[in-house]
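Colleague:
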Amino acid sequence: MVEKPSIELIEGSSPDQFIASSPTKPPFKSRAIAHFKRRWWVHLIILTVVALVITLPLVYVGYPRIAQDGISDSTLRITSMEISSPTPSGFHLHQVQVLGSDSIFHPKLYSFNGAVRLPGYDDPMMNITVPSIQANDGATIEVNQSVVFEDARIFAEFSKALMLQKEVSLNIYGKPRLKQAGLHTITVTYNHTITMKGLNKLEGFQVVELKLDPGRDDGMNAKGSVLIPNPSVMTLAMGNVTFDLSSGGTDLGPAVIHDLVLRPGNNTAPIVANVDELALLGILPHHPPFTIEMQALGNSSVYNGSELPYYTAALEANPIIFDFDVSQALPS
Ligand SMILES: *[C@@H]1O[C@H](CO)[C@@H](O)[C@H](O)[C@H]1NC(C)=O
Ligand SMILES: *[C@@H]1O[C@H](CO)[C@@H](O)[C@H](O)[C@H]1NC(C)=O
Ligand SMILES: *[C@@H]1O[C@H](CO)[C@@H](O)[C@H](O)[C@H]1NC(C)=O
Ligand SMILES: *[C@@H]1O[C@H](CO)[C@@H](O)[C@H](O)[C@H]1NC(C)=O
Ligand SMILES: *[C@@H]1O[C@H](CO)[C@@H](O)[C@H](O)[C@H]1NC(C)=O
Ligand SMILES: *[C@@H]1O[C@H](CO)[C@@H](O)[C@H](O)[C@H]1NC(C)=O
Ligand SMILES: *[C@@H]1O[C@H](CO)[C@@H](O)[C@H](O)[C@H]1NC(C)=O
Numbered sequence: 004m005v006e007k008p009s010i011e012l013i014e015g016s017s018p019d020q021f022i023a024s025s026p027t028k029p030p031f032k033s034r035a036i037a038h039f040k041r042r043w044w045v046h047l048i049i050l051t052v053v054a055l056v057i058t059l060p061l062v063y064v065g066y067p068r069i070a071q072d073g074i075s076d077s078t079l080r081i082t083s084m085e086i087s088s089p090t091p092s093g094f095h096l097h098q099v100q101v102l103g104s105d106s107i108f109h110p111k112l113y114s115f116n117g118a119v120r121l122p123g124y125d126d127p128m129m130n131i132t133v134p135s136i137q138a139n140d141g142a143t144i145e146v147n148q149s150v151v152f153e154d155a156r157i158f159a160e161f162s163k164a165l166m167l168q169k170e171v172s173l174n175i176y177g178k179p180r181l182k183q184a185g186l187h188t189i190t191v192t193y194n195h196t197i198t199m200k201g202l203n204k205l206e207g208f209q210v211v212e213l214k215l216d217p218g219r220d221d222g223m224n225a226k227g228s229v230l231i232p233n234p235s236v237m238t239l240a241m242g243n244v245t246f247d248l249s250s251g252g253t254d255l256g257p258a259v260i261h262d263l264v265l266r267p268g269n270n271t272a273p274i275v276a277n278v279d280e281l282a283l284l285g286i287l288p289h290h291p292p293f294t295i296e297m298q299a300l301g302n303s304s305v306y307n308g309s310e311l312p313y314y315t316a317a318l319e320a321n322p323i324i325f326d327f328d329v330s331q332a333l334p335s
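Counted the way my numbering counts, the sequence shown spans residues 4 to 335.
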């Protein structure tokens, strides 16, 4: 039989080691209590260090990472965007968007400066102030402010893309401060590209009605109405929009839609035109149906006396072709 090694430590000589069996000593429990009473601070320090070693990375590494991931994985859906009071240097913006988030965190995001970019351009076209929000799934973020362009030429490119494309994208970039209840405030990066429907060349545009209206005092000789579909969620105040009408290369005169406000869905707007009747008769088919293919090319957008170069550029980029029944325009 191997002799059991007997371990006996004299308490005090080596304070950090545990005391093994020793028949002459008081029972284990009371010794442990006595030890703890004298050395409680050592245990407290160890406990605190262990707690910090576990929680500090969680708080200082895990929390910012989880929070940043939550922000990066969140989605943003624009439900309405209204551009009103346009001037050559800016407009009033009223935009409502819904946040989508499945993060375990629902931090408070403080208001921040968001630079709005058209993808592919380095410089922002404008800045918006994103309001403070509680980042819950489904939270509504409402921006309602006047905007001054950082670069009006980039906004013109955006307007063209909006006019011509089925979908347009915008990037919003900022460095919001964020705070999760009970934790400290950190800074995260908000970098989101949102895609929304564009005007898709105003496909479906129709002249619903256009009749000669002699004796007007505004230099026009015809009036009627047009149907302009807007598949986007945007409302655009475009002011007085002038088109040049033509057919097969023959100029047929200007047409104006006054105070055009394009709202989501089908828009019916009154139109006046100064139709060149001789030119129109010249291209009239000899036999019915008296339908010609007409083109309306945007010439300008003027709001409160100022031309809006960005909308003019968008209108010029989009010749609208539609069939027009001339017999409805001519006096019967
Ligand atoms: C717009 O945002 C950019 C980028 O954050 C910044 O450099 C610029 O100063 C801001 N402009 C204004 C007018 O606040
Ligand atoms: C948006 O701002 C305009 C002008 O500051 C104000 O007249 C309007 O009531 C605001 N709309 C909302 C919904 O807050
Ligand atoms: C936002 O993220 C995109 C894609 O990761 C990147 O190309 C772009 O440079 C970022 N924007 C900014 C302003 O850093
Ligand atoms: C808009 O009008 C077109 C043609 O009349 C129709 O086909 C379409 O359903 C309408 N769209 C809406 C949203 O009312
Ligand atoms: C726009 O309309 C004006 C006035 O009718 C005309 O002089 C000008 O040539 C037009 N511009 C274009 C690009 O059609
Ligand atoms: C229209 O323009 C004039 C002068 O350019 C300006 O004083 C006025 O405030 C503008 N009105 C609106 C409603 O923007
Ligand atoms: C459009 O033109 C009419 C008449 O020329 C003018 O009274 C009106 O104020 C203009 N509308 C805008 C938004 O500038």
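Ideal Cβ placement from N, Cα and C applies to all residues, glycine included.
Cβ-heavy atom distance between residue 188 and ligand 3 below 8 Å?
Modeller: Answer for residue 188: no, Cβ out of range of ligand 3.
Colleague: Since residue 54 is in the alpha helix (DSSP H), which residue starts that stretch and which ends it?
Modeller: It spans 31 to 59 - the alpha helix (DSSP H) in which residue 54 sits, taken as one unbroken run.
Colleague: Give the single residue among 46, 179 and 239 whose Cα lies nearest to the Cα of residue 314.
Modeller: The shortest Cα separation from residue 314 among 46, 179 and 239 belongs to 239.
Colleague: Is any non-hydrogen atom of ligand 6 found closer than 8 Å to the C-beta of residue 243, if you look at the structure I gave you?
Modeller: No, Cβ of residue 243 sits at least 8 Å from all heavy atoms of ligand 6.
Colleague: Whose CB is closer than 5 Å to a heavy atom of ligand 1? List the residues in chain order.
Modeller: That query returns the following residues: 118 and 130.
Colleague: Where residue 67 and residue 244 are concerned, what is the direct C-alpha to C-alpha distance, given to the nearest angstrom?
Modeller: Each residue's alpha carbon lies about 50 Å from the other.
Colleague: Please name the residue, chosen from 209, 188 and 220, that lies closest to residue 323 on a Cα-to-Cα basis.
Modeller: Checked all of 209, 188 and 220; the closest Cα to residue 323 is 209.
Colleague: Just mark residue 150 as buried or exposed, buried being the case when its beta carbon has 16 or more other beta carbons within 10 Å.
Modeller: So residue 150 counts as buried.
Colleague: Considering only the beta carbon of each residue, do residue 194 and residue 75 sit closer than 9 Å?
Modeller: Yes. Within cutoff.
Colleague: List the whole-angstrom C-beta distance separating residue 212 from residue 331, where the pair is believed to meet the contact cut-off of C-beta under 8 Å.
Modeller: Indeed they touch by this definition, with Cβ atoms about 7 Å apart.
Colleague: Run the CB neighbour count on residue 316, radius 10 Å, all protein chains shown included, and call it buried at 16 or more, exposed below.
Modeller: Answer is buried; the Cβ neighbour count reaches 16.
Colleague: At a cut-off of 8 Å, would you count residue 280 as near ligand 2, judging by its Cβ distance to the nearest heavy atom?
Modeller: False, no ligand heavy atom lies under 8 Å from that Cβ.
Colleague: Less than 9 Å between the C-beta atoms of residue 153 and residue 99, yes or no?
Modeller: No, the pair does not count as a contact, with Cβ atoms beyond the cut-off.
Colleague: Report the residue from 229, 51, 267 and 90 whose alpha carbon sits nearest the alpha carbon of residue 258.
Modeller: Ranking the options by Cα distance to residue 258, first place goes to 229.
Colleague: In chain order, which alpha helix (DSSP H) runs of at least 4 residues are fully inside the stretch 155 to 198?
Modeller: DSSP runs (the alpha helix (DSSP H)) wholly in the stretch 155 to 198: 155 to 167.
Colleague: State the beta-bridge partners of residue 243 as determined by DSSP.
Modeller: Paired residue(s): 305.
Colleague: Cα-Cα, which of 289, 247, 309 and 272 is closest to residue 279?
Modeller: Comparing Cα positions, the closest option is 247.
Colleague: Does the stretch 121 to 131 come close enough to the stretch 70 to 87 to have 3 or more Cβ pairs within less than 8 Å?
Modeller: Judged by Cβ distances under 8 Å, the stretch 121 to 131 makes no contact with the stretch 70 to 87, as fewer than three pairs qualify.
Colleague: Near residue 92, which residues of its chain fall below 8 Å by C-beta distance, leaving aside the five closest residues on each side in sequence?
Modeller: Cβ neighbours of residue 92 beyond the five flanking positions: 151, 152 and 155.
Colleague: Is residue 269 a contact residue of ligand 4, with contact defined as CB to any heavy atom under 8 Å?
Modeller: It does: the Cβ of residue 269 is within 8 Å (strictly closer) of some heavy atom of ligand 4.
Colleague: Given 8 Å as the limit, tell me if residue 196 has its C-beta closer than that to any heavy atom belonging to ligand 3.
Modeller: Residue 196 Cβ: within cutoff of ligand 3.
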